[in-house]
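> To start, I am sharing the structure in question, which I have written as structure tokens.
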Amino acid sequence: MGNLLDIKDERLSFFTPAGEVKALGGVSFSMKEGDVLGIVGESGSGKSVTSYSVMGLTAHPGRLIGGSIEFNGHRIDQMSEKEMRRIRGNEVSIIFQDPMTSLNPVYTIGNQICEVIRLHTKKSKAEARARATELLTLVGINEPEKRLKQYPHELSGGMRQRVMIAIALACEPKLLIADEPTTALDVTIQAQILELMIELREKLGMSIIMITHDLGIVSSMCEKIAVMYAGKIVEYGTVDEIFYETSHEYTKGLLRSIPKLTSETHEKLVPIEGTPVDMLNPPKGCPFAPRCGACMKICLREMPPYTDLSDTHYSACWLIQKREFEKAAGGEKQ
Amino acid sequence: MGKYILKRVAMAVLTIYLVSTITFFLMNLVPGGPFLAEKAVSPQAQAAMEEKYGLDKPLSVQYKNYMLGLVKGDLGLSVKQRGRTVAQIIATKFPVSARLGGLSILTAVCVGIPLGSIAAFNRGKWADNVVIFIATCGIAVPSFVICTLLLMLFGLKLGWLPTVGLNSVLHYIMPVTALAFYPTAYIARLMRSSMLDVLGQDYMRTARAKGLGQFKCIFKHALRNAVLPVVTYLGPLLAYTLTGSFVVEKIFTIPGLGSEFVGSITGRDYPLIMGTTIFLAVLIVSMNVIVDIAYKLIDPRIKLK
Chain A
1 MGNLLDIKDE RLSFFTPAGE VKALGGVSFS MKEGDVLGIV GESGSGKSVT SYSVMGLTAH
61 PGRLIGGSIE FNGHRIDQMS EKEMRRIRGN EVSIIFQDPM TSLNPVYTIG NQICEVIRLH
121 TKKSKAEARA RATELLTLVG INEPEKRLKQ YPHELSGGMR QRVMIAIALA CEPKLLIADE
181 PTTALDVTIQ AQILELMIEL REKLGMSIIM ITHDLGIVSS MCEKIAVMYA GKIVEYGTVD
241 EIFYETSHEY TKGLLRSIPK LTSETHEKLV PIEGTPVDML NPPKGCPFAP RCGACMKICL
301 REMPPYTDLS DTHYSACWLI QKREFEKAAG GEKQ
Chain B
1 MGKYILKRVA MAVLTIYLVS TITFFLMNLV PGGPFLAEKA VSPQAQAAME EKYGLDKPLS
61 VQYKNYMLGL VKGDLGLSVK QRGRTVAQII ATKFPVSARL GGLSILTAVC VGIPLGSIAA
121 FNRGKWADNV VIFIATCGIA VPSFVICTLL LMLFGLKLGW LPTVGLNSVL HYIMPVTALA
181 FYPTAYIARL MRSSMLDVLG QDYMRTARAK GLGQFKCIFK HALRNAVLPV VTYLGPLLAY
241 TLTGSFVVEK IFTIPGLGSE FVGSITGRDY PLIMGTTIFL AVLIVSMNVI VDIAYKLIDP
301 RIKLK
């Protein structure tokens, strides 16, 4: 079976008055139907830009300048705006970070859910309303009939995020993009929303791209993880590979900076020193080199190539290249 | 809702009481009187006139009499327009001004809102610059200059439009344009900035992510949110515009209420000053209540207390 989503060497830049900001510098990955992929990275690493481009929602000065995005047999990068609209909200949906501002304050919940149903299906008003009730029940909102008549400001943050999920699921999308869906919520609600997403995925079987900077969320939800830094995927692998066979220095840094519940001694958290790179003038070599503890001369000169560590695990770091080379050289001597 | 309206009506009565009291004493503080300009009047005749209109009594008695009349709905007799009551003057002059003002506000809304929105959609491009230029002109150029320019061009040079009175549809074009110029410019500016704000909101991104077309995004999701500041401005604007403009009415020789405001003050026509001022106050207060209710209808988050 083919892939649901195939992104090959995607390059995307924002053309600002200050110059070209290379937001994505050759991102490639693919997803099969039913996959759950976590994209992790700090602010500005290109997580959101990558997933918005799948929906053709790149914000204004941004433009795709190379590569291809293939979703479910459609070439997203070659589609017209009109064709794109048929896919948005229908085959691919998105849940945004801030549920407090993502719903239109002047329309009822019912209006906003029915809108997307009626846009993509031929359902009548009454049928759309019935479907909306069903959706609200599905996302765990009680008294759905009453909620349909309420306005966003009458609902709590967690409740609004459930409504956003209902809107996203309205047309049974093949791919759901969750852009930090729990960042704006408090911790207990975060857990509820994540649980709901896992449950819905089992029920409906769609693929999910989970964008987050919280490694905890990724480990509990995803099968595969892409770690992004400065517009590139620096390491990609299954959850176990990323957590236990960490190969990229940046991923190691990320893991060092989360607290461990099990540690008995009081370990200090180690932050990653320095600041993210300036995307207006990206460095010639590895973008992480200036902040990397194990930086070598070559790291500053050349971008490291991807090294396959297993069928599902690859990473872009000169250290691995070096280790592989030494292994090969040692083998020859014996 | 009922309780809210009741509260607002009580507030309105208080406001109007204060406005009329302040106006009454201010007006009497100004030196001069209604009969001083007429030189040929003998002292006896003047005394007789003052007695007729109650101006010979002490100010406190005059005030009491006026307020008692006001409560009964009696605005008194005009001192200068003999034989006519203030209520009659307002009743004949207001419809003329209101028709003119209503048309110009309609024009301002129908032109200003699209202009401002178009500017916002094309931020930084030439269409935006054109709208900003027109809006700046509209706000900076006073109405008598616009009236004169219109008269010169369409009345005199081209001879397309009649210059005096309000006898046909064609007569309305120039005064309505002149009156609409400022509010159009103001609404366009308001609309541009609020539309820019709304376009950057997260719910607009949600609308796009649902697969809605440009048209639906703008007309359903953006416009209703962006129009609120314009509604706020519309309340007082309506009150002022419907009661007429002195300048435009003078230039186009239109028998409207706007001329009466100024005429009554220069002629010291005390009852007419009071009448027109109270009328404007009532109009402003009621427009504000209507605006508040409209607000509630547009944005459900607003609570009327």
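Just so you know, the sequences run in chain order A and B.
Mapping to UniProt numbering: the first sequence position 96 is 96, numbers consecutive.
Mapping to UniProt numbering: the second sequence position 267 is 267, numbers consecutive.
No residue lacks a Cβ here, since even glycine has one placed at the ideal position from N, Cα and C.
Give me the Cβ distance between G41(A) and H213(A), rounded to the nearest whole Å; I'm assuming they're in contact under 8 Å.
Within the first sequence, residue 41(A) is the residue found at index 41, counting from 1. Within the first sequence, residue 213(A) is the residue found at index 213, counting from 1. Indeed they touch by this definition, with Cβ atoms about 7 Å apart.
> What span of residues does the alpha helix (DSSP H) with T50(A) cover, start to end?
The residue given as residue 50(A) occupies position 50 in the first sequence. Note, T50(A): alpha helix (DSSP H), K47 to V54.
> Per the contact definition of three or more C-beta pairs closer than 8 Å, is the segment 51 to 63 of chain A in contact with the segment 183 to 203 of chain B?
No, the segment 183 to 203 of chain B is not in contact with the segment 51 to 63 of chain A.
> Who are the neighbours of T101(A) on chain B, taking C-beta pairs under 8 Å?
Residue numbering aside, residue 101(A) sits at position 101 when the first sequence is read from its first letter. Simply Q201, D202 and Y203.
> Tell me where the beta strand (DSSP E) around F154(B) begins and ends.
As a first step, residue 154(B) must be located in the second sequence, where it is residue number 154. Where F154(B) is concerned, there is no enclosing beta strand (DSSP E), given that its DSSP letter is neither H nor E.
> Across the segment 136 to 151 of chain B and the segment 215 to 229 of chain B, are there enough close Cβ pairs to call them in contact, namely three or more that are closer than 8 Å?
Contact between the segment 136 to 151 of chain B and the segment 215 to 229 of chain B is absent, because fewer than three Cβ pairs lie under 8 Å.
> Would G38(A) be called buried (16 or more neighbouring beta carbons within 10 Å of its own) or exposed?
Within the first sequence, numbered from 1, the residue matching residue 38(A) stands at position 38. With 16 or more other Cβ atoms within 10 Å, it is buried.
> Can you say whether G73(B) is buried or exposed, counting buried as having 16 or more other CB atoms within 10 angstroms of its CB?
Position 73 of the second sequence, counted from the first residue, corresponds to residue 73(B). It is exposed - the Cβ of G73(B) has fewer than 16 other Cβ atoms within 10 Å.
> Quick one: list the residues of chain A neighbouring G213(B), beta-carbon separation under 7 Å, in chain order.
As a first step, residue 213(B) must be located in the second sequence, where it is residue number 213. R85, listed in chain order.
> Mark T253(B) as exposed unless 16 or more other C-beta atoms lie within 10 angstroms of its C-beta, in which case mark it buried.
By one-based count along the second sequence, residue 253(B) stands at place 253. Exposed is the call here.
> Which complete beta strand (DSSP E) runs does the segment 133 to 211 of chain A hold, if anything under 3 residues is left out?
Qualifying beta strand (DSSP E) stretches, in chain order: 175 to 179.
> Verify whether the separation of the beta carbon atoms of L169(A) and L204(A) is less than 8 Å.
Here residue 169(A) corresponds to residue number 169 of the first sequence, with the count starting at 1. Here residue 204(A) corresponds to residue number 204 of the first sequence, with the count starting at 1. A contact, by the Cβ cut-off of 8 Å.
> Quick one: is D299(B) near chain A, going by C-beta distance under 8 Å?
Along the second sequence, read from residue 1 onward, the residue named residue 299(B) stands at position 299. Interface residue, yes.
> With a cut-off of 8 Å, do at least 3 Cβ pairs link the segment 285 to 302 of chain B to the segment 105 to 117 of chain B?
Contact between the segment 285 to 302 of chain B and the segment 105 to 117 of chain B is absent, because fewer than three Cβ pairs lie under 8 Å.
> Once DSSP output is grouped into helix, strand and coil, what is the label at K13(A)?
Position 13 of the first sequence, counted from the first residue, corresponds to residue 13(A). One detail in the question is off: residue 13(A) reads as Ser in this sequence, not Lys. Reduced to three states, the DSSP call for S13(A) is strand.
> Could you list which residues in chain B have their beta carbon closer than 7 Å to that of E326(A), in chain order?
Along the first sequence, read from residue 1 onward, the residue named residue 326(A) stands at position 326. Under the 7 Å cutoff, chain B gives no residues; its nearest Cβ is about 49 Å from E326(A).
> As a quick exercise: from P282(A), E143(A) and F96(A), pick the residue whose alpha carbon is nearest that of R301(A).
Against the first sequence, residue 301(A) aligns to sequence position 301. When each option's Cα is compared against that of R301(A), the closest is P282(A).
> 8 Å is my cut-off, CB to CB: does D179(A) come that close to chain B?
Locating residue 179(A) in the first sequence gives position 179, counting from the first residue. Closer than 8 Å: no.
> Could you pull out every unbroken alpha helix (DSSP H) segment of at least 4 residues lying fully inside the segment 220 to 274 of chain A, listed in chain order?
Runs of the alpha helix (DSSP H) inside the segment 220 to 274 of chain A: 239 to 244 and 249 to 256.
> Counting Cβ pairs, one atom from each stretch, are 3 or more of them under 8 Å apart for the segment 85 to 96 of chain A and the segment 202 to 210 of chain B?
In short, these stretches touch, since the Cβ pair count reaches three.
> Just checking: is the beta-carbon of R88(A) within a distance shorter than 8 Å of some beta-carbon in chain B?
Locating residue 88(A) in the first sequence gives position 88, where the first residue counts as 1. Judged by the 8 Å Cβ criterion, R88(A) is in contact with chain B.
> When the cut-off is 8 Å and only beta carbons count, does H120(A) lie next to chain B?
Working through the first sequence from its first residue, we reach residue 120(A) at position 120. So yes, H120(A) belongs to the interface.
> Compute the Euclidean distance between the alpha carbons of R75(A) and E172(A), then round it to the nearest angstrom.
Against the first sequence, residue 75(A) aligns to sequence position 75. Against the first sequence, residue 172(A) aligns to sequence position 172. If you take the alpha carbons of R75(A) and E172(A), they lie about 21 Å apart.
> Is the CB of A209(B) under 8 Å away from at least one CB in chain A?
Along the second sequence, one-based indexing puts residue 209(B) at 209. Yes, because at least one Cβ of chain A sits closer than 8 Å to the Cβ of A209(B).
> Can you say whether K47(A) is buried or exposed, counting buried as having 16 or more other CB atoms within 10 angstroms of its CB?
Taking the first sequence and counting its residues from 1, the one referred to as residue 47(A) is at position 47. Answer is buried; the Cβ neighbour count reaches 16.
> Would you list the one or two residues that DSSP bridges to V36(A)?
Within the first sequence, residue 36(A) is the residue found at index 36, counting from 1. Paired residues: I208(A).
> Using a beta-carbon distance below 8 Å, is N225(B) in contact with chain A?
On the second sequence, position 225 is the one that residue 225(B) refers to. Chain A contact via Cβ: present.
> Using beta carbons (cut-off 8 Å, strictly below), is L57(A) in contact with chain B?
Here residue 57(A) is taken as the residue at index 57 of the first sequence, counted from 1. For L57(A), the answer is yes, since a Cβ of chain B falls inside 8 Å of its Cβ.
> Helix, strand or coil for V176(B)? Go by DSSP, reduced to three states.
The residue labelled residue 176(B) in the question sits at position 176 within the second sequence. Correct three-state label for V176(B): helix.
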